[in-house]
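Asker: Protein chains in written order, with this note's numbering: chain E, 4 to 258; chain C, -7 to 632; chain V, -16 to 249. A virtual CB, placed ideally from N, CA and C, is assigned to each residue, including glycine. Here it is: the structure, laid out below.
What follows is the structure, given as structure tokens:
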């Protein structure tokens, strides 16, 4: 059942944020098709260390598709060829013996490369800090069942909340827009009754922070395809709608 | 050098203890809070919730995490749910029942007072999380849904599809980021704590290394809070995230903090078995699968037939056979040990004969595939992604894997370690789960500690230091600690051995799994105590860490973490050897009933074993905290 | 310590906040989502114009007189209230404004995206992005250049020696009977249709018109619009080349003017 394949990797190597990058070619031979993509890189690294070459820096943590740490551009596709799958859950059975695989880091001006395949994604945290929360101090919450949330609301809110913050939407976007990430975060809270009090302030603040770091959405739809949680771009439309409403309402409220 | 271990448990009735303590604790007034600096290490459920709550109160908080974002902490991966004694289902749940189940589930090796408080605040957690926008599952009427989970006979588990951990962490993370924006919390990402700084017997700060540029920085504070998770990665293969490690807790241990019950580790029964030797981690499948799946292996040894060719008569539904009352829903340790039993007998399934079947065909015949798909669709998809097999057609293969560690730094009732000023939260402490943790209780404990316990108890400690500024980082204690970190870094880079850090980590994991895994023996543990130090010695001599200190260098990061895991592994073996009984996740083959069940020794071991570091190469000292049970009767667990 | 604080903050923004905050509602236009709204709204206006323009041009198949009457109708729009051609001019000014805003927002959004984006030296593999969506930045300028040429050719008569001011039928048939000119029109209108195909779908997203039940219809609508406009607009150069639209070099309007002048002489 288990069989092995041989691959040729073209991996982006870059010594630091300011260093010049380049592609390096590595042969990855005898890779089990049951290995995950990252385990394949582990094996390559193990061999590199043995031969005295610095291992390829790539980030990963949970390796079960939920922490959002991993993320590689594999053959020009964010998280590789399998739909709805983060890099860590991509397995080598998606590849064929003799394949050439090009591996690059996420690329966007606001995702500077730190080293090799690792990038800095703090701009996404900045968007959350701008308003991606419901202001409720610890202890101030009413009983959880006080406000029923109808299924028609709860379901899309959850679909949005499923975002793992990996940045694949930005990486896949030809404009490096973070619209899908931001929209998912905005709509998760905007849809829920608990999120209504800050709905307009949140939308305005988060969208404008996003615009300081990322490109503008031209509705290509690449983000939706790359998203490991398959979050639909409908949320982007709803956020665009909420944003204009926010611009009107915030003016009224602020006087 | 150490006085008796005083857990500072309040007197009085179980129900009144926490209320009384909250009243008797000294307070820090609102305008004084901003004069106190608190360092929180770790940004998982416990760390993020604590930091956010402290920030809201007005303390000056500094959060240190080695992740690139606080949202990535491993709490994110919890799938199943979070317990709370809300009794929304009207099925007889109560604070006392949650308390009782947790004590019993922990095999009577946890503190009554802590566990009762945990059950008490559990209801507030659900309120808090819901108000933050955590999208818990709801019924059609829009109210919160519950399910029964891992050995509980009431439905008290709140869940958010298969990603309860992620949703709760995003809630805590959003609260944290709100405080970052408000300026009460200073967030330092990619900063790994490598040293605890002590001054006059108190914890006064930490030293971190910046993972991007290698800069070593001292941070000073009035109190240090560790919320740095568990040490399951000592097994190399576990369900823990790759970066999880014991370093922060271990460095504190080396500075005097006691490490309690390290041998209490939990093995989760429903993980996907390893597929090859380069497996880097094991993936957990939610325990909820056991609600509908039936676990079996072939009756015959080395039965090579495909599962659908094996008739019912040739199948052994071993859990249903041995435990008719609970069947497939026996607690995690029981399910795990039995799976190991049948695999060791040679009845394992799959290409490597390293799993047991978890079969949904009966459930699908009974409820229809659509119902099963609605309940577990995402888990089935995940299984198929990883194994390439379709669980709607072929039974899943599962095998136990290390999942959680109940042991951790010793803390008193107020979550302070024996080192004044050092608080420990969440999985990093030992406090609430005894020898075995119930399903859906880890999230509960992390958030209880962070939201509802530490914010009160830390004031009780800090109030003594009103008016004292935090120690200046120019003090020699900080420079010494910084130097120690720098020396450590250059030591790894100068070894110049031949094998990678991962190689040694994998080898260590095999030893720990074989000798300090699901079933332990005196001879095995003694072997561990000779083989682990030998391997460690080789590691220190022969590890190869390439590159330099001033860049992102993952081998260098791992080198120190694995060194700490080596020391911890040895302590685990010592602890397991000293605990001459079986309880919860600690199963000593010498101590079992005739039916193969764990046999406790309440006479001699109803205590917490807290180990004191005695220096490199010296045997650590074992301290005991006796556990007193006034409200529950100690019974032998039986899930027949 | 300073280092630690730097580490704690995000990388520098790629887009600075506007130096001058304009008063509401102009401030909306200072944001990218606001510009997308302007793109969408002006897109609707331009699309409406293109559709009406194409439909009106179908008078070409009726003959020179009907085209002239149609042109007169446009000039006489609203004469019950305002002087002749005023309303037409108002519409023209509106169109020019929409066009200018459409271009300006596209330009500044593109600049913002180019600043935010980094290339993949290893290449990339598009999954969802269509040819139309990826070529908006090319089809847009092509349409702009074409529009200039179109006005210069048929409104101002710069390139056509037989140009007769105010006689669209004549001018169209004279201009498009030249093969190179016909090719320019065909290429430009294909670009226009491609642009509309993405734009007409995209504006729903930009304007937040989204309801999962009806979303699948948006693509059909965009394709239909683009197709209808393409078919209509391409028919003109093709049928001029085929000789269906042809006044044999005699300008109906010129004759009308002569005729009118002669009558006055009598």
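#1: Exposed or buried, which one is residue 63 of chain C when buried takes at least 16 other CB atoms within 10 Å?
#2: Can you say whether residue 194 of chain V is buried or exposed, counting buried as having 16 or more other CB atoms within 10 angstroms of its CB?
#3: Please say whether residue 240 of chain E and residue 192 of chain V have beta carbons closer to each other than 8 Å?
#4: Could one say the Cβ of residue -13 of chain V lies closer than 8 Å to chain E's Cβ atoms, at least one of them?
#5: Among C:61, C:38, C:29, which one has its Cα closest to the Cα of residue 53 of chain C?
#6: Report back the beta-carbon spacing between residue 2 of chain E and residue 166 of chain E to the nearest angstrom; my notes put them in contact at under 8 Å.
#7: Suppose contacts are defined by Cβ-Cβ distances below 8 Å. Is residue 183 of chain C in contact with residue 57 of chain C by that definition?
#8: Counting only Cβ-Cβ distances shorter than 8 Å, please list the residues of the stretch 184 to 195 of chain V near chain E, keeping chain order.
#9: Output the distance between the C-alpha atoms of residue 240 of chain C and residue 371 of chain C, rounded to the nearest integer angstrom.
#10: Is the Cβ-Cβ distance between residue 148 of chain C and residue 138 of chain C less than 8 Å?
#11: Mark residue 2 of chain V as exposed unless 16 or more other C-beta atoms lie within 10 angstroms of its C-beta, in which case mark it buried.
#12: Once you ignore the five residues that flank residue 52 of chain V on each side, which residues in its own chain have a CB closer than 6 Å to its CB?
#13: Quick one, are the C-beta atoms of residue 90 of chain E and residue 40 of chain E less than 8 Å apart?
#14: Does DSSP put residue -12 of chain V in a helix, a strand or coil?
#15: Measuring CA to CA, which of C:576, C:579, C:409, C:405 is closest to residue 0 of chain C?
#16: Report the partner residues of residue 584 of chain C according to the DSSP bridge assignment.
#17: Against chain V, with Cβ distances strictly below 8 Å, would residue 198 of chain E count as a contact?
#18: For the candidate residues C:434, C:509, C:525, C:547, whose alpha-carbon lies nearest to that of residue 51 of chain E?
#19: Of all the CB atoms in chain V, is at least one closer than 8 Å to the CB of residue 43 of chain E?
#20: Apart from the five residues just before and just after residue 118 of chain V, which ones in its own chain have a Cβ nearer than 7 Å to its Cβ?
#21: For residue 170 of chain E, would you say it is in contact with chain C, using Cβ-to-Cβ distances shorter than 8 Å as the test?
#22: Pairing CB atoms from the stretch 74 to 92 of chain C with CB atoms from the stretch 433 to 445 of chain C, are three or more of them under 8 Å?
#23: For residue 236 of chain V, which of V:113, V:202, V:150 has the nearest alpha-carbon?
#24: Which residue comes first and which comes last in the beta strand (DSSP E) that contains residue 350 of chain C?
#25: Touch check for the stretch 415 to 435 of chain C and the stretch 316 to 331 of chain C: three-plus C-beta pairs under 8 Å?
#26: Listing by chain order, which chain V residues have their CB less than 9 Å from the CB of residue 241 of chain E?
#27: Do the CB positions of residue 60 of chain E and residue 544 of chain C come within less than 8 Å of each other?
#28: In angstroms, rounded to a whole number, what distance separates the CA positions of residue 159 of chain V and residue 47 of chain V?
#29: Measure the alpha-carbon distance for residue 77 of chain E versus residue 347 of chain C and round it to whole angstroms.
#30: Between which two residues does the alpha helix (DSSP H) holding residue 212 of chain E run?
#31: Report yes if the C-beta distance between residue 156 of chain V and residue 229 of chain V is below 8 Å; otherwise report no.
#32: Looking at C-alpha atoms only, which residue of C:102, C:520, C:23 is the closest neighbour of residue 597 of chain C?
#33: Report all residues from its chain with a CB closer than 8 Å to the CB of residue 345 of chain C; omit the five preceding and five following residues, and keep chain order.
#34: Measure from the C-beta of residue -7 of chain C to each C-beta in chain E and report whether the shortest distance is under 8 Å.
#35: Use the C-beta contact count for residue 171 of chain C: other C-beta atoms within 10 angstroms, 16 or more gives buried, fewer gives exposed.
#36: Do residue 566 of chain C and residue 512 of chain C have their C-beta atoms closer together than 8 Å?
Answerer: In brief:
#1: Within a 10 Å sphere around the beta-carbon of residue 63 of chain C sit 16 or more other beta-carbons, which makes this residue buried.
#2: Exposed: under 16 other Cβ atoms inside 10 Å.
#3: Cβ atoms of residue 192 of chain V and residue 240 of chain E: closer than 8 Å.
#4: Confidence at residue -13 of chain V is low in this model, with a pLDDT of 34, below 50, so the placement of that residue is unreliable and no value is reported for it.
#5: Looking from the CA of residue 53 of chain C, the closest CA among C:61, C:38, C:29 belongs to C:29.
#6: Residue 2 of chain E lies beyond the range of chain E shown here (4 to 258); nothing can be said about it.
#7: It is a contact, given that the beta carbons lie within the stated cut-off.
#8: The stretch 184 to 195 of chain V vs chain E, Cβ under 8 Å: 184, 185, 187, 188, 189, 190, 191, 192, 193, 195.
#9: Cα-Cα distance, rounded: 33 Å.
#10: It is a contact, given that the beta carbons lie within the stated cut-off.
#11: Within 10 angstroms of the beta-carbon of residue 2 of chain V lie fewer than 16 other beta-carbons, which makes it exposed.
#12: When the five nearest sequence neighbours on each side are left out, no beta carbon in the same chain lies closer than 6 Å to the beta carbon of residue 52 of chain V.
#13: Yes.
#14: Residue confidence is low: residue -12 of chain V scores 35 on pLDDT, short of 50, so the model does not pin down where it sits. Its coordinate-derived value is still stated next. Looking at residue -12 of chain V - three-state DSSP - the assignment turns out to be helix.
#15: Answer by Cα proximity: C:405.
#16: C:590.
#17: Taking Cβ atoms only, chain V never reaches closer than 8 Å to residue 198 of chain E, which makes this a no.
#18: Ranking C:434, C:509, C:525, C:547 by Cα distance to residue 51 of chain E puts C:547 first.
#19: Not an interface residue.
#20: The beta carbon of residue 118 of chain V is closer than 7 Å to those of 177 in its chain, skipping five residues each way along the sequence.
#21: Taking Cβ atoms only, chain C never reaches closer than 8 Å to residue 170 of chain E, which makes this a no.
#22: Yes: the two stretches touch, three or more of their Cβ pairs being nearer than 8 Å.
#23: Ranking the options by Cα distance to residue 236 of chain V, first place goes to V:150.
#24: Annotation: the continuous beta strand (DSSP E) that includes residue 350 of chain C extends over 348 to 351.
#25: They touch, by the three-pair rule.
#26: Near residue 241 of chain E (Cβ distances below 9 Å), the residues of chain V are 191, 193.
#27: The answer is yes: Cβ separation under 8 Å.
#28: So the two alpha carbons sit approximately 15 Å from each other.
#29: So the alpha carbons of these two residues sit roughly 32 Å apart.
#30: 202 to 216 is the extent of the alpha helix (DSSP H) around residue 212 of chain E.
#31: Yes; because the gap between Cβ atoms is below 8 Å, this pair is in contact.
#32: Of the listed residues, the one whose Cα sits closest to residue 597 of chain C is C:102.
#33: Hits under 8 Å: 294, 335, 338.
#34: No answer about residue -7 of chain C holds up, because its pLDDT of 42 lies below 50 and its placement is not dependable.
#35: By the 10 Å Cβ count, residue 171 of chain C comes out buried.
#36: Not in contact: residue 566 of chain C and residue 512 of chain C (Cβ atoms no closer than 8 Å).
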